[in-house]
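Colleague: My structure is below; once you've seen it, I'll send some questions.
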Amino acid sequence: MSQSVKQMFGRIACRYDLLNRLLSARRDVGWRSKALALIDGRPERVLDLACGTFDLALQALAAGKAASVHGCDFSHPMLVAGRGKIAGRGISATVGDALALPYADGSFDAAMCAYGWRNFDDPAAALRELRRVLVPDGQLLILEFFRPSTLWTRTFYATFGRIAPLAGALIARDAGAYRYLHDSVQGFLDPDQARDLLTAQGFTGLRASTCFGGVSHALWARRSP
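For the sequence shown, numbering that gives the first Met the number 0 assigns the number 0 to the initial residue and increments by one for each residue that follows.
Below is the structure:
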């Protein structure tokens with residue numbers, strides 16, 4: 000990820016959770032819950048890439064969808080902002096780059112990434128790294144906002160693009176960070192392209208679910224042997 004994006008997340012870390020709840024009207028909690036239902040069983044070792052302030056990790060443990068979670072994020076301030084939430088929860092964390100993960104091959108039984116994939120400089124390379132650190136047949140779960148492809152999602156993001164920077168300016172004193180949120184979605188893959196890329200990078204058995212009329216997507220797949 001670019002240094003400017005890394006710095007941006009550092010600036011908003013202390014207000015990140017609050018703005019997520021406000022901008023989604025707390026729907027983000029349900030979106031993560033629905034996505035986690037795609038995971039089979041209770042994987043022993045789970046990587047949460049771009050873990051941020053650990054919301055997905057905590058929900059995975061609470062839902063019985065992970066025995067243990069290791070978070071990885073490129074923003075140290077985000078990990079610091081969330082560490083109070085994980086005290087005594089058995090979640091560990093590391094600062095790391097999605098394109099050069101600091102783990103040995105086959106380190107994890109499952110990996111998940113919530114709303115971070117579009118921030119990676121090379122989405123395909125990130126998938127290759129995730130595939131590398133998964134065991135054969137390991138599970139991958141991605142939650143993401145993809146480029147709008149329907150009338151409803153285009154209308155939603157047109158409105159969101161006006162509201163989010165205002166909220167960011169008022170609450171986090173950073174309109175640019177929430178303008179970036181909108182712009183990064185518009186410049187990312189659409190849902191079909193995302194599925195095709197997963198297949199091209201060695202993932203099979205794709206499952207998908209959507210929330211809020213296709214605003215939020217969840218994609219699940221297994222690492223091919």
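No residue lacks a Cβ here, since even glycine has one placed at the ideal position from N, Cα and C.
(1) Count the other CB atoms, across all protein chains shown, that sit within 10 Å of the CB of Arg-117; report buried if there are 16 or more and exposed otherwise.
(2) Which first and last residues belong to the beta strand (DSSP E) in which Glu-143 is found?
(3) What runs of the beta strand (DSSP E), each 3 residues or longer, lie entirely inside the segment 67 to 131?
(4) Beta carbon of Val-134, beta carbon of Asp-173: below 8 Å?
(5) Within the continuous alpha helix (DSSP H) that includes Thr-198, where are the two ends?
(6) Could you pull out every residue in the same chain whose Cβ sits closer than 6 Å to the Cβ of Gln-192, ignoring the five residues on either side in sequence?
(7) State buried or exposed for Ile-11, treating a residue as buried only when at least 16 other CB atoms are found within 10 Å of its CB.
(8) CB-CB under 6 Å to Ala-124, same chain, minus the five flanking residues each way: which ones, in chain order?
(9) Any idea what DSSP makes of Ala-36, helix, strand or coil?
(10) Tell me whether Ala-110 is buried or exposed, calling it buried when 16 or more other Cβ atoms sit within 10 Å of its Cβ.
(11) Using a Cβ distance threshold of 8 Å, determine whether the segment 28 to 47 contacts the segment 212 to 221, with at least three qualifying pairs required.
Modeller: Let's see:
(1) buried
(2) 133 to 143
(3) Secondary structure remark: continuous beta strand (DSSP E) runs of at least 3 residues inside the segment 67 to 131, in chain order: 67 to 72, 90 to 94 and 107 to 113.
(4) No, these two residues do not count as a Cβ contact at 8 Å.
(5) 190 to 199
(6) Contacts found: none.
(7) buried
(8) Counting only Cβ-Cβ distances below 6 Å, and skipping sequence neighbours, we find Leu-98.
(9) coil
(10) buried
(11) yes
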